[in-house]
Amino acid sequence: MDPEFAVPASLDEAVRCLEHEGAVAVGGGTQVGLLLRQGLIEPSRLVWLGRVAGLREIRSDVDGSLLIGSGATLSEIAGSPVVRSAHPMVARAAAHVGNPRVRAVGTLGGHLVHADPRQDLPPCLLVLAAEVRLLGRKGTRDVPLRDFYRGPFETAVQDGELLIRVKIPASPEPTRCCYLRFTPGTSNDYPTVGVAALAEFDAGATRRAAVGLGGVAPRPLLVDLPQLAGRPLDATALAAAGQAAATACDPVSDQRGSAGYKRAMVRLWTERALRACRPLDG
Amino acid sequence: MRLAFLLNGEPFETDAPGGVLLLDLIRDCGLRGTREGCGVGVCGACTVLVDGDPVSSCIYLAGCAQGKEVWTVEGIARREPDLVEAFIEHEGLQCGACTPGQLVMAAALRARGKDPGEAATRDFLAGNLCRCTGYRSIVESVRAALGS
């Protein structure tokens, strides 16, 4: 069956368009186009959000948090001075999703809602304690990203709901972050392992540390590392973090590596990403 | 759906199914320079420009091009013949399967105005696969077209 192609101009209209059995929201269409082509979805209606006013806005809020509209493209996020200054890890990760053709049209909303567990931004946004705002017929609700992913290609978004923006709270100073993607095939490939590390410091000791993992579980994982709190981020702490991440992950064997190999790489890249967070004088 | 956009600088209008992909639409209207390679947005053979941005037309919904400006390799070759000349002079092709995509990417890079340097050029082209040349001659062709 050929889907209808709807082009709403406002959020109200978009939500009305989505109240239709089998309607699918389209950001840039790079995933929806692919799924359609492969016959994996048979939507009755495609609701393209590219003309919805205000949906691609990127700005800082009064409380210092960063607000990114779900219609912002990955290349807009990568090039945004606001994102680069507030959360450089997010801008850098966005600059490495897929290839320039994907980044030019792929949107943040599509990237998150598609929920492929190998994607690059979810691990980064998880460690930064981001939350997403969903809009439906009954109004809006905010969902912390750590509660958003349910499984492969499955999220908390319900029928008729739309992800409209992502909020990233300001990190306390000094906080350091690093995202590393390990792609032994080609640089444009999905990562075998993606690790986003975050460490907040207090007088030379770690106050809070966490890593986000991509590609190594049915959904992107957040691994809190309370065992690192109150001690220096030294070799012993790095080894403990690598061990915790390797224990938390649940990889499957595929063309990007065996489960055992991926687990070993989680340990290694967790240590590397966290080491890169160490203050230069430490 | 009724679809209208600028195709290689000329107004273009057609009736098309709502789920049609841009690649199928442009090939069906006789523009066969745009190739289907992998069909999953990875190889770059089907690259076209939409409002100046390179996109994989094999996974790009044609409806998203409504009211925009689409350029295929045919239009780019007409608009920028020196780009084609650079590829010929520097032998930036062998079998030719990936060449339309490489030319479109080169045009996209050049339209940004300033020369980004060799490393960034290679990075920009990394998503356009070539199984023949080993890339060196393609990068040289693009660098020459950038005037460096």
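Residue numbers (this note's numbering), protein chains in the order written: chain X, 302 to 583; chain E, 13 to 160. Note that CB positions come from ideal geometry on N, CA and C, so glycine has one too.
- X:LEU350 is the residue among X:ALA315, X:LEU350, X:LEU526 and X:ASP313 whose C-alpha sits nearest the C-alpha of GLY329 (chain X).
- Going by beta carbons, SER311 (chain X) and ALA354 (chain X) fall inside the 9 angstroms limit.
- Using a CB distance cut-off of 9 angstroms, ALA395 (chain X) does not count as an interface residue toward chain E.
- TYR450 (chain X) has X:THR456 as its beta-bridge partners, per DSSP.
- Counting C-beta pairs with one atom in each stretch, the region 560 to 569 of chain X and the region 462 to 478 of chain X have fewer than three that are closer than 8 angstroms, which means they do not touch.
- Shown here for GLU152 (chain E): same chain residues with a beta carbon closer than 8 angstroms to its own, the five before and five after excluded, namely HIS102 and GLY104 in chain order.
- For ILE71 (chain E), the closest Cβ of chain X is nearer than 9 angstroms.
- Around PRO401 (chain X), the same chain offers SER376 as residues with beta carbons nearer than 8 angstroms, after the five sequence neighbours per side are excluded.
- According to DSSP, residue pairing for ARG482 (chain X) in a beta bridge involves X:GLY495.
- Residues of chain X whose Cβ lies closer than 9 angstroms to the Cβ of VAL151 (chain E) do not exist, since the nearest Cβ in that chain is about 15 angstroms away.
- The alpha helix (DSSP H) runs of length 4 or more contained entirely in the region 392 to 424 of chain X are, from start to end of the chain, 401 to 406 and 409 to 415.
- By the Cβ criterion, the region 466 to 478 of chain X is in contact with the region 422 to 437 of chain X, since at least three pairs of Cβ atoms, one from each stretch, lie closer than 8 angstroms.
- Its chain contains LEU95, VAL154 and ALA157 as the residues whose beta carbon lies nearer than 6 angstroms to that of ALA118 (chain E), once the 5 sequence neighbours on both sides are disregarded; these appear in chain order.
- Against chain X, the CB of ALA138 (chain E) has a partner CB under 9 angstroms away; the residue lies at that interface.
- Put simply, the backbone Cα of GLY113 (chain E) is about 20 angstroms away from that of HIS397 (chain X).
- Listed by position along chain E, the residues whose Cβ is nearer than 7 angstroms to that of ASP303 (chain X) are PRO29, GLY30 and GLY31.
- In terms of beta-carbon proximity, SER160 (chain E) stays away from the interface with chain X, with every pair separated by 9 angstroms or more.
- Not a single CB atom of chain X sits nearer than 9 angstroms to the CB of THR84 (chain E).
- Distances from the alpha-carbon of CYS479 (chain X) to those of X:ASP490, X:PRO423, X:GLY495 and X:LEU499 put X:LEU499 closest.
- Put simply, the CB of PRO382 (chain X) is far from chain E, with every gap to its CB atoms at 9 angstroms or more.
- Closer than 9 angstroms to the CB of ARG573 (chain X) there is not a single CB belonging to chain E.
- For the 9 angstroms CB-CB criterion, ALA387 (chain X) and ALA471 (chain X) form a contact.
- Under the Cβ distance rule, ASP127 (chain E) does not count among the residues neighbouring chain X, no pair being separated by less than 9 angstroms.
- Across the structure, VAL85 (chain E) and ALA416 (chain X) are spaced so that their CA atoms are roughly 34 angstroms apart.
- In the structure shown, SER376 (chain X) falls within a helical segment according to DSSP collapsed to helix, strand and coil.
- Taking a cut-off of 8 angstroms for Cβ pairs, the region 532 to 548 of chain X and the region 441 to 451 of chain X do not touch, as fewer than three such pairs fall below it.
- With fewer than 16 other Cβ atoms from the protein chains shown falling within 10 Å of its own Cβ, LEU341 (chain X) counts as exposed.
- Secondary structure note for GLU22 (chain E): its beta strand (DSSP E) is the uninterrupted segment 22 to 27.
- CA-CA distance, ALA109 (chain E) to ALA98 (chain E), rounds to 17 angstroms.
- Listed along chain X are LEU335, each with a C-beta nearer than 7 angstroms to that of VAL52 (chain E).
- Comparing C-alpha distances from ARG509 (chain X) to each of X:ARG477, X:VAL496, X:ALA530 and X:PRO344 shows the shortest one belongs to X:ALA530.
- In chain E, no part has a C-beta under 9 angstroms from the C-beta of THR484 (chain X); the shortest such distance is about 11 angstroms.
- Of the candidates X:ALA565, X:VAL316 and X:LEU481, X:LEU481 places its Cα closest to the Cα of ARG573 (chain X).
- Leaving aside the five residues that flank ARG579 (chain X) on each side, the residues in its chain whose CB is nearer than 7 angstroms to its CB run, in chain order, LEU534.
- Non-local beta-carbon contacts of HIS321 (chain X) in its own chain, meaning distances under 6 angstroms to residues more than five positions away in sequence, involve ARG346 in chain order.
- Counting only residues of its own chain and dropping the five nearest sequence neighbours on each side, GLU25 (chain E) has a CB closer than 6 angstroms to the CB of ALA16.
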